[in-house]
Amino acid sequence: INQGRLGFMTDIPLEMMIPALGDMLDGNVESEQRSLLEGRVERDGETIFQALAFNDVVVARGSSSGMVELRVEVDGHFMYNQRSDGLIVTTPTGSTAYALSSGGPLLHPSLHGIGLVPIAPHSLSNRPIVVPESSNIVIEIKAGRDMSVNFDMQSLASLAHGDRIFVQRSGHKITFLHPQGWSYYDTLRRKLHWNEYPSAEGQLK
């Protein structure tokens, strides 16, 4: 039930709650499974923190500190060293959240991919990339201070130089129940105001 402003994951407007829930309780639903990420932080070879994420795993600097430098590997292959405000590792579901506001691509929920989206990178050549869902991603802290990693903005761990964050697809999934006739593209069109243009007064129509 959407009681907020955007709500990509909430299909039902508040004013439609009663009839929509009645239909769904009668079994008129469409089910969909979506992937989770699992991550852990290693320090000096020991795991100091681990958690699951439905939307994203975010490695970021503190509000009053400078850029961080990260070393990123995928499946044991060096990808790049990156200087930025941080890095978002996102599921397809999370691609409409923080990753979208940081310039990341929209990923259809049925895609088997993981997005890597830099946050305000120092180099314009550090672009978002989508890797296979089977990938094992390692992010190493090379420089910076007051850094942290958070999982869906719920679980958070402070980071130190040399810490390594391991992220991969979780074996767990979440089941979504949608009203009959639900469409991902309808949701994007409605939430992002596609096919709408600003009027002279600045209003969308």
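Going by this note's numbering, the first residue of the sequence shown is number 885, and it counts up by one from there. Don't be surprised by glycine CBs; every beta carbon is placed ideally from N, CA and C.
Listed in chain order, the beta strand (DSSP E) elements of length 3 or more contained wholly in the stretch 981-1065 are 997-1003, 1013-1016, 1021-1027, 1031-1035, 1039-1043, 1048-1063. Rounded to the nearest angstrom, the gap between the Cα atoms of Asn965 and Leu1076 is 33 Å. Counting every other CB atom within 10 Å of its CB across the protein chains shown gives Asp928 a total below 16, marking it as exposed.
Under the DSSP definition of a beta bridge, Ala944 partners with Gly970, Ser1032. Rounded to the nearest whole angstrom, the CA to CA distance from Pro976 to His1006 is 25 Å. Note that the C-beta distance between Asp969 and Ala937 is not below 7 Å.
Closest option to Thr1071, judged by alpha-carbon separation, among Asn912, Pro993, Gly923, Val942: Pro993. Cβ atoms of Ala1044 and Ile1025 come within 8 Å of each other, at about 7 Å.
The beta carbon of Ile932 sits closer than 6 Å to those of Val925, all from its chain and outside the five residues before and after it, given in chain order. Beta-bridge partners of Asn965 (DSSP): Arg955. At least 7 Å separates the beta-carbon of Ile998 from that of Ile1023. Taking the Cβ atoms as the reference, Gly1028 lies roughly 6 Å from Arg945, within the contact range of under 8 Å. In chain order, Asn939, Asp940 place their CB closer than 6 Å to the CB of Gly978, counting only its own chain and leaving out the 5 sequence neighbours on each side. Out of Leu909, Asn912, Gln917, the CA that lies nearest to the CA of His1056 is found in Gln917.
Around the beta carbon of Ser949, fewer than 16 other beta carbons lie within 10 angstroms, which makes this residue exposed. Closest by C-alpha distance to Val956, out of Ser1042, Met1031, Pro1002, is Pro1002. For Gly911, the three-state secondary structure derived from DSSP is coil. Contact between Ser1032 and Ser1042 holds: CB atoms are separated by about 5 Å, below the 8 Å threshold. Residue state for Gly978 is assigned as helix, using DSSP reduced to three classes. Distance check between Gln1052 and each of Gly1046, Phe1035, Arg1074, Ser1019 places Ser1019 closest, using alpha-carbon atoms only.
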